[in-house]
Each structure stands twice: as structure tokens, then as C-alpha cells.
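Just so we're aligned, residue 684 is where the sequence shown starts under this note's numbering, counting upward by one. Quick reminder that beta carbons are idealized off the backbone N, C-alpha and C, glycines included.
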Amino acid sequence: MIFISLIVIYGIVISFLYNIVASLILIVISVIGLIFTIVMMNEISSDTNRYITDLSYRIHRGEQESLLEMPIGVMILNDDDLVEWANPYMVKYFKDENLLGRKIDDIDHDLQQLITKYAESDEFHTITWRDHKFTMLIQKEYNSVYLMDITRYANLEERYNEEQISVGQIFLDNYDEITQSMTDQEISNLSNYVTNELATWSQKYGMYLKQIDDDHFFLLAYSKSLTAIENDKFNILDTVRETTSKQNFPLTLSIGIAYGEDDLNNLADQAQSNLDLALGRGGDQVVVKSLDGTARFYGGKTNPMEKRTRVRARMISQALNELMSASDQVFVQGHTRPDMDSLGACLGIRRIAQMNNKKCWIVLDKEKVHSDIQRLLEATKKYPEIADSIITPSEAISKATDSSMLIMVDHSKPSISISEDLYKRMSAKVVIIDHHRRGEEFPENPMLVYIEPYASSTCELITEMFEYQPHEEEPINRIEATAMLTGIFIDTQRFSMRTGTRTFDAASYLRSAGADSDEMQQFMKENIDSYLQRNHLISKVEFFHKNMALIVGEEDQVYDPVTAAQACDSLLTMSGVDASFIITKRSDGQIGVSARSTGTVNVQVIMEQMGGGGHLSSGATQVSDKTIADVKKMLLETIKNIDDNE
684 MIFISLIVIY GIVISFLYNI VASLILIVIS VIGLIFTIVM MNEISSDTNR YITDLSYRIH
744 RGEQESLLEM PIGVMILNDD DLVEWANPYM VKYFKDENLL GRKIDDIDHD LQQLITKYAE
804 SDEFHTITWR DHKFTMLIQK EYNSVYLMDI TRYANLEERY NEEQISVGQI FLDNYDEITQ
864 SMTDQEISNL SNYVTNELAT WSQKYGMYLK QIDDDHFFLL AYSKSLTAIE NDKFNILDTV
924 RETTSKQNFP LTLSIGIAYG EDDLNNLADQ AQSNLDLALG RGGDQVVVKS LDGTARFYGG
984 KTNPMEKRTR VRARMISQAL NELMSASDQV FVQGHTRPDM DSLGACLGIR RIAQMNNKKC
1044 WIVLDKEKVH SDIQRLLEAT KKYPEIADSI ITPSEAISKA TDSSMLIMVD HSKPSISISE
1104 DLYKRMSAKV VIIDHHRRGE EFPENPMLVY IEPYASSTCE LITEMFEYQP HEEEPINRIE
1164 ATAMLTGIFI DTQRFSMRTG TRTFDAASYL RSAGADSDEM QQFMKENIDS YLQRNHLISK
1224 VEFFHKNMAL IVGEEDQVYD PVTAAQACDS LLTMSGVDAS FIITKRSDGQ IGVSARSTGT
1284 VNVQVIMEQM GGGGHLSSGA TQVSDKTIAD VKKMLLETIK NIDDNE
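See the structure below:
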């Protein structure tokens, strides 16, 4: 307006210089235009003010109506928690109660607790109040509480989660072995019983069951059903085992269940993997696991029954021979701080490789071995071909090629191998031979897996393979047979635990192959320091919780793990001791825990809860960044929790 006015004045002044009449006309037009502009601007301003006033009124009224009518509960409190105001949507949850001027705690104690719980948080929280689901927000600076009822959506979400699909595989562990000696009628009766029992169980929990084979079933269930059977601890395992045992045909089940995935193909693969894990841990148990989750184990509380056959041993042996033939060289390694079973198994594999005309290297860290292994290594010096094949982990890594094969014996967890780096280097060509129950940590794609929890030792498994090796090659020699028999002897605690007919067959074979009982005794001798340490540890025994014994070492005293394990073994010879545990400090700074059992207590489950593993009757773990007192507390709490859940 100022700019235009200046231009008009300038134009009028100029026009006076040339023509007075034109200037007068221009003045009249300018005055009329100015009057018109002022009038129009006043009308626009008036309309705008009316519009803004009306809009403000409607917004204010809308705010009031929203507070009164919107489907969100609003409550305003004062600093003393007295209700100053609540909108009608909030009031309806209190029915006919008078809210104003009363303390919220007097009106509804549960709501007061929720407000107190989330008073310091400025985030949304999902709560349950008066049988409804709400999203709660508290604005502390305004003393305001907002509640949005999401019951309908929460119910939909709950239903969606409950109807997620779970896929299961059920396998009758020892069906073939049991039915071999049964008549057709007995087989039919047994099959009918198991099928009817499983069908009744599946119908009870609303699951779909389909028999695939005589010993194999397929299971389809909602997540709601899976939760229910987990709460029941898969009681079907005990029902089938106990009933068939009374009929002198003890049959056990293994179940693998997968969930948490939309792709049914992935679910089926995971279910099969979970079943393999259950079978690898000895059977008679359930493994429930999602693709990326942590496995949950149920059952597995009984000693596994021996069900290996010569057919399986022959098949594994032939497969191993073929894999060796396709490799340029073989590496074999046991677990860290190897025992006689571990090193004896390595010697056995070296001999099998030699029978197949393959060079085999035994990977060993000679700086971290117990006295019995040291004596065995001294004895191997009389056999240059064996002594020269024992190499360090660094030498093994330098010798390994893409065509080489790695055999892991007496363990299946890469993290406890003599050399985890060697495993990583050769992870594409790995074979596992073990007698421990399989854990969650496991090589991704091993070429061959021979895990038999029913065996007494790894040496027993490998001894059975000698029968199926080329007989024209040099057979097992005296030192190898002695080492392997010593491994069996120690792992069975002088043939008193975990022994079957195969155990004695293997021992007989090794004895006939030249195993020297006198040299065995030399290997098993302990030095005076170990003997005194073991007796000192035994003297610290304390008893607790249902015939269990516990030894706790000193915080500042380091004990050899083998000595500690021997002390733990000794406790089982005491009357009234069903399980024994020992906690000691190791040379690497970790706290070691060893566990032993007569079979009435599943120490494997206890050790797995603490990050370790093992057998039903033998287990161990190592704990970092804890004191002995902390680990003792952890052990006792783990035992209590497992006992409470049974």
C-alpha cells in the first residue's frame, strides 16, 4: 500500500508539470480508488476476525466435546492424588462411584498401584485393569492419566499368537530293537497301544497327529496347545515308558517341535533338526526350539538303553572309510585337557586312517595335559610313527588344506576343542564321533555324525570300527590297544557304570589285540601331590538336598580339573550319596564345576542350566567372572529351580 501510494503521488506531481486537467482527473480517480481499497480491506479484516472467532469457538467446543465424548479415559489429579476431574469415558469404569475430591487409592487400589508404578515414565504402557487391557500414559507435569481401552485388539493379538502353527516330529526310539523278538500279534498290540495313547494325547490338547511309519509320527499344533503340553512337562513320555516297561517291552519317545516361523518348510526342517538333537542326547526326551531361539528340553531323566547294532557300526565305519579316501590327510583332535578316552580315541582314529593308507595327525597341546596323558606320551616315544604324528595346533593349521578332513572325538562342541581355530579352518569337512549327549552348540554341516550316548566311551565306538577295516594292513598295536582300553576302564569307573554288552565286547577285543593291564595301571597312577589334593578336597565335603554331596574349594587355591573330577567320583562310593558336585578354581582363572550321579539324578540337566553339559550321570561346566561363592549359590539355586519344576 505504501509503495503504491508513493507511485500515485509521484504520478500526480509529474502530471501537474504537463497537464493540470489530467492531474485533477488522476487525483479524483486516486481518491476513489483509495476509498474503495480502505473499505474492502476493512470488510476483509472483519470477515477474517469473524472466521477466526468462529473457528476458535468451534475448536474450543471440539476440545471440550472430545474430552467428554472421545473413547479415551482421562483423569486429572492434584498433588495429593485427589481426583479433580474425569471424563465420562473414564467414569463408566467406576460405575456409580463418586470420584471427585476422593483419593484414587480409596477408589481403586489396583489403579493407584499402576499409576505409582509408571508415574516416572513418559512412555505408553500396556496394562490389565478391571478385566480390560489398556494403553496407559501418565503426564506427571499435568497430573493427568490417560487410558485407552485396547481389549479388542489385545484379544485379537492373543488369538493370533495362540494360533501360530507348531510342527512336530515324534519318533519311537527303540521300536526296531524291541519288535525284533516279538510275535506279529505282540507287535500289533504294541503299535495299537502307542498309536491310541498318542492319539488320545493329541486330541486332549487339540493337535493333529498323523502316523507316517511304524515308528514315526507327524504333529501339527497351535501355539496354545504347545504351551499347554509344555506346562504338562510332556507327561506322555512317562506314560508310554512306564506302561510299556510293565509289559517288558520298554519303549521310549523322542519328540522335536519347532515354532515361531511362517514358512512351513522352515518349520518342518527345524522340527527334524530338533528331533535329531533329542536323539543325539540319548532319546526319551523332547526338544522345543524356534529357528533362532534357545532350545527347551523335557524328559531325558532316565538312563538311555543300549540300542546300537553292528549294522550301524558297519555303516558308520564304511562311510568313514569313504570320506578318508576322498581326503588328502586326516586330522583328529579331542577336547581341551584331554583324558585317556579322548587321546585313546585319537590313537584309534590314527590307526584306522593308516589302515586306509591315509596320513593322520593327532592335534594336542602338550603343555595342558594331566599326568596320565604325560605318561602315555612318554610311552609313545617307543613308537616313532605315533610320536611323529602328534603335532601342535599351530602346526596343524599350517598343514591343513581344503581337501583335508577333521575328526572331532569325545566331544561335539567346537568351543571346547583342542583348537577351535583348526575347526574353523576345516569346518567344511568335519566328522564327529562322541558318546556324550548332543548339546545346542554343534557344527553346522558335519559330513558324518556318530553320537551314541548309550556307549560307555568314545574308545568303545572306535574299537567296533576295527572289525570293518582292511585286514591286509597292520592291525592295532599294543600301545594303542592299551590306551583305548584304559579310556574305557576310566570312563566306566572300572566297568561299574554305563556298561553294556558292547562295552565288554570292545574290551575283550582290545585285550586280545595286546592291551597290557600292567601298563594300564602305570597310566592310571597318580602322583603324590594329586593324591593329597584329592583327599584334601574329599575332607571338605558337605551334604545337602536329597542325598547330594558338595565339595567347595578355596577361593585362592587352584586345583587340577582331573583331580577335582576324581574327588567327585570318589563321593559316589559313599553310602547315601546319589549325586556329587565339586567347585574349584582352575589355572585359567575360571571356576570349574564337575557333577556325578548314580543315575537317580540327571546332572546333565543341571550342568546345562549353568552353561555346560555331559551325561545323565556325568557332567561339567566352567564359569567365568564369578567367585567360588557365587558359583556355589548359582549351583544350589539351579538345583532348587529344577526340583521345583518337576
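Supposed close pair residue i, residue j - CB separation, criterion 8 Å
| i | j | result |
| --- | --- | --- |
| glutamate 1293 | valine 1306 | Correcting the residue identity first, residue 1293 is methionine in this sequence and not glutamate. Right, the Cβ-Cβ distance comes to about 7 Å (below 8 Å), so this counts as a contact. |
| methionine 1207 | isoleucine 1234 | The Cβ separation is near 22 Å, so there is no contact. |
| serine 1087 | serine 1010 | 6 Å |
| aspartate 759 | tryptophan 768 | One point to set straight first is that residue 759 is isoleucine, not aspartate, in the sequence displayed. 5 Å between Cβ atoms; contact. |
| proline 1244 | glycine 1275 | 5 Å |
| glycine 1282 | serine 1258 | Contact flag wrong, Cβ pair sits at about 16 Å. |
| valine 1015 | methionine 1007 | Not really, about 11 Å apart at Cβ, beyond 8 Å. |
| aspartate 764 | isoleucine 790 | Not a contact, Cβ separation roughly 10 Å. |
| aspartate 856 | serine 937 | 5 Å |
| leucine 820 | valine 877 | No, leucine 820 and valine 877 are not in contact; Cβ-Cβ is about 55 Å, not under 8 Å. |
| alanine 1190 | isoleucine 1162 | Alanine 1190 to isoleucine 1162, Cβ: 17 Å. No contact. |
Residue i in three-state terms, based on DSSP
| i | result |
| --- | --- |
| serine 1102 | coil |
| aspartate 1117 | strand |
| isoleucine 1134 | strand |
| threonine 1075 | coil |
| lysine 1051 | coil |
| threonine 818 | strand |
| aspartate 896 | strand |
| arginine 964 | coil |
| alanine 1009 | coil |
| arginine 979 | strand |
| glycine 1302 | strand |
| isoleucine 833 | coil |
| threonine 1267 | strand |
| tyrosine 942 | strand |
| histidine 1094 | coil |
| lysine 972 | strand |
| phenylalanine 699 | helix |
| arginine 1058 | helix |
| methionine 684 | coil |
| valine 1284 | coil |
| arginine 1279 | strand |
| histidine 677 | No statement about residue 677 is possible, as the shown extent of the chain runs from 684 to 1329 and does not include it. |
| serine 1086 | coil |
| isoleucine 1159 | coil |
| serine 849 | strand |
| serine 827 | strand |
Residues that DSSP places opposite residue i in a beta bridge
| i | result |
| --- | --- |
| leucine 936 | Leu855 |
| threonine 811 | Lys816 |
| glutamate 1225 | Leu1233 |
| serine 1110 | According to DSSP, which records beta bridges pairwise, serine 1110 is partnered with nothing at all. |
| glycine 1295 | Note: glycine 1295 sits in no beta bridge, so no partner. |
| serine 713 | DSSP output for serine 713 lists no bridge partner at all. |
| phenylalanine 719 | Answer by DSSP bridge pairing: none, since phenylalanine 719 is not bridged. |
| methionine 1290 | BP columns for methionine 1290 are empty, so no partner. |
| alanine 1262 | Met1231 and Ser1280 |
| valine 1046 | Gln1016 and Ile1074 |
| isoleucine 1274 | Lys1268 and Val1306 |
| valine 1241 | Lys1268 |
query: Touch check for the region 1174 to 1194 and the region 1133 to 1153: three-plus C-beta pairs under 8 Å?
result: yes
query: Any contact of the region 865 to 882 with the region 834 to 851, i.e. 3+ C-beta pairs under 8 Å?
result: no
query: Is there contact between the region 1074 to 1083 and the region 1215 to 1230, where contact requires at least three CB pairs shorter than 8 Å?
result: no
- prompt: If we count Cβ pairs, one from each stretch, closer than 8 Å, do we get three or more for the region 1034 to 1052 versus the region 1188 to 1204?
  reply: no
query: In chain order, which alpha helix (DSSP H) runs of at least 4 residues are fully inside the region 1164 to 1198?
result: 1184 to 1195
- request: Please specify which runs of the alpha helix (DSSP H), each continuous and at least 4 residues long, are wholly inside the region 736 to 806, giving them in chain order.
  value: 771 to 774, 787 to 790 and 792 to 801
- request: Write down every uninterrupted run of the beta strand (DSSP E) in the region 860 to 926 whose length is 3 residues or greater and which is fully enclosed by it, in chain order.
  value: 891 to 896 and 899 to 905
message: Between the region 893 to 906 and the region 914 to 923, can you find at least three pairs of beta-carbon atoms closer than 8 Å?
response: no
message: Closer than 8 Å is the cut-off here; do at least three beta carbon pairs connect the region 1090 to 1099 with the region 1112 to 1124?
response: yes
message: If contact is defined by three or more beta carbon pairs under 8 Å, each pair taking one atom from either stretch, is the region 1153 to 1170 in contact with the region 1021 to 1031?
response: yes
message: Contact between the region 971 to 986 and the region 936 to 953 is defined here as three or more beta-carbon pairs at a separation below 8 Å; is this criterion met?
response: yes
message: Taking 8 Å as the cut-off, does the region 842 to 860 touch the region 950 to 968 (at least 3 CB pairs, one atom from each stretch)?
response: yes
field: At least three beta-carbon pairs within less than 8 Å, the region 1147 to 1164 to the region 1121 to 1128
entry: no
message: If contact is defined by three or more beta carbon pairs under 8 Å, each pair taking one atom from either stretch, is the region 957 to 964 in contact with the region 907 to 919?
response: no
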